[in-house]
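Using the UniProt record's numbering, read the sequence shown as starting at 1 and increasing by one per residue.
Beta carbons are placed, not taken as given, at the ideal position from N, Cα and C, and that holds for glycine.
Here is the structure we will look at.
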Amino acid sequence: MEFTELRLESQPRRLSSDAAGKDRRTSVDKAVCVLKAFGDDANVGVGVSELSRRADLSKSTTFRLLAMLEKSEMVERIGTAYRFGPAIQSLGGQDESSRRHDQARDLLTPFLADLFVATRLTVQLAVLEGQHVIYLNKLEGHQRLRTPSRIGGHMPAYCTGVGKVFMAFDPAAEADGLRAERHRWTPNTIVDEQALRVELARVRVEGIAHDRGESLETLNCIAAPVMSRRGVPLAALSVSGRADAFRPQEHEHTLRQVALAASRAVARFEARLAAA
Numbered sequence: 001m002e003f004t005e006l007r008l009e010s011q012p013r014r015l016s017s018d019a020a021g022k023d024r025r026t027s028v029d030k031a032v033c034v035l036k037a038f039g040d041d042a043n044v045g046v047g048v049s050e051l052s053r054r055a056d057l058s059k060s061t062t063f064r065l066l067a068m069l070e071k072s073e074m075v076e077r078i079g080t081a082y083r084f085g086p087a088i089q090s091l092g093g094q095d096e097s098s099r100r101h102d103q104a105r106d107l108l109t110p111f112l113a114d115l116f117v118a119t120r121l122t123v124q125l126a127v128l129e130g131q132h133v134i135y136l137n138k139l140e141g142h143q144r145l146r147t148p149s150r151i152g153g154h155m156p157a158y159c160t161g162v163g164k165v166f167m168a169f170d171p172a173a174e175a176d177g178l179r180a181e182r183h184r185w186t187p188n189t190i191v192d193e194q195a196l197r198v199e200l201a202r203v204r205v206e207g208i209a210h211d212r213g214e215s216l217e218t219l220n221c222i223a224a225p226v227m228s229r230r231g232v233p234l235a236a237l238s239v240s241g242r243a244d245a246f247r248p249q250e251h252e253h254t255l256r257q258v259a260l261a262a263s264r265a266v267a268r269f270e271a272r273l274a275a276a
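Next comes the structure, spelled out in structure tokens:
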């Protein structure tokens, strides 16, 4: 009986590393793939599972790379999602919109300080850029409030108090915001178009926009517009607090007063520019 002919066939075949699909990318290559995977969601936020799928990496590898990028402030964690951090956003040069933002921040920060002194709560100054708001400044007390915003950071307009202000009082911003894909950040986020239209109509009547745990479930916020001479918001001011303790009605009058004073300062500034 001859068994020798079967001996080689009975051994399992060893695959080459290429055949086994071994990933030959370096750690730097993989980190770059993760950053590229953010795509148009870089300022909004993407979950680890989705990033790993886009970058064609395992979830554990993606999580490890994100932890490394977070230490260097290239990305930052917002709840269970990640977005670009301050380090990567500071790499670009200053363009015209950046200069406008600097101008608005310099003009309106004194009013933000007035709002903080009057409320002793977290207050924010924001402008609109496309379908997102950009936070130009933020003042907090000694007890930091957990918020999804940071200076220089972006958030979608539809789920924030400041964003609703722009959408309510600027028809172009409303059209842009309604065209945007709306992600349910929390169970409270308004994603239905008709419900959002009703909410914006209420903002136009009351002059105050609310974020009732829509961007972060534990956070409530009220916001008011700082109007330009064109009759649309140049910026927005907001007051935020913990959802279980914040009483918006106690701060609405103060917010309206400060926003009105800021709007008058903007009108004077724009008049000087027009006369120059």
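May I ask you to list the residues that DSSP assigns as paired with residue i?
i, result
"Val-133", "Leu-128 and Met-155"
"Lys-71", "In DSSP, Lys-71 forms no bridge with anything."
"Thr-122", "Ser-240"
"Asn-188", "BP columns for Asn-188 are empty, so no partner."
"Val-46", "Tyr-82"
"Leu-139", "Val-123"
"Ala-235", "Val-226"
"Arg-182", "Answer is none; Arg-182 lacks a bridge partner."
"Arg-64", "Its beta-bridge partners do not exist; DSSP assigns none."
"Asp-77", "Residue identity check: residue 77 is Arg in the sequence provided, not Asp. Looking at the DSSP assignment, Arg-77 forms a beta bridge with Tyr-82."
Please list the terminal residues of the continuous beta strand (DSSP E) segment that includes residue i.
i, result
"Ala-265", "Ala-265 -> not in any beta strand (DSSP E); alpha helix (DSSP H) instead, spanning 252 to 275."
"Val-32", "It is not in any beta strand (DSSP E) - Val-32 instead sits in the alpha helix (DSSP H) that spans 27 to 37."
"Leu-57", "Neither: Leu-57 is in no beta strand (DSSP E) and is coded neither H nor E."
"Leu-219", "219 to 227"
"Arg-212", "209 to 212"
Throw me the rounded Cβ distance for the residue i and residue j pair, which I believe falls under 8 Å.
i, j, result
"Ala-87", "Ser-72", "6 Å"
"Val-127", "Phe-116", "Between Phe-116 and Val-127 the Cβ distance is about 18 Å, and since that is not below 8 Å, they are no contact."
"Ala-224", "Ala-236", "7 Å"
"Ala-262", "Val-226", "4 Å"
"Ala-210", "Pro-156", "In the sequence under discussion, the amino acid at residue 210 is His, which differs from the Ala named in the question. Actually they are not in contact, since the Cβ atoms of His-210 and Pro-156 sit about 16 Å apart, beyond 8 Å."
"Leu-107", "Val-266", "7 Å"
"Leu-66", "Val-46", "Between Val-46 and Leu-66 the Cβ distance is about 10 Å, and since that is not below 8 Å, they are no contact."
"Leu-121", "Thr-109", "Not quite, the Cβ-Cβ distance comes to about 17 Å (not below 8 Å), so this is no contact."
Going by DSSP, what residue range makes up the alpha helix (DSSP H) through residue i?
i, result
"Leu-196", "193 to 206"
"Leu-178", "171 to 179"
Should the segment 250 to 265 be called in touch with the segment 182 to 202, which here means at least 3 C-beta pairs below 8 Å? They do not touch, by the three-pair rule.
Counting beta carbon pairs with one atom in the segment 148 to 168 and one in the segment 121 to 133, are three or more of them shorter than 8 Å? Taking a cut-off of 8 Å on C-beta distances, the segment 121 to 133 touches the segment 148 to 168, as three or more cross pairs fall below it.
Counting pairs of Cβ atoms below 8 Å between the segment 165 to 182 and the segment 266 to 276, do you hit three or more? Short answer: they don't touch.
At least three beta-carbon pairs within less than 8 Å, the segment 145 to 155 to the segment 202 to 212: No, the segment 145 to 155 is not in contact with the segment 202 to 212.
Would you say the segment 211 to 222 touches the segment 180 to 187, given that touching needs at least three Cβ pairs under 8 Å? Yes: the two stretches touch, three or more of their Cβ pairs being nearer than 8 Å.
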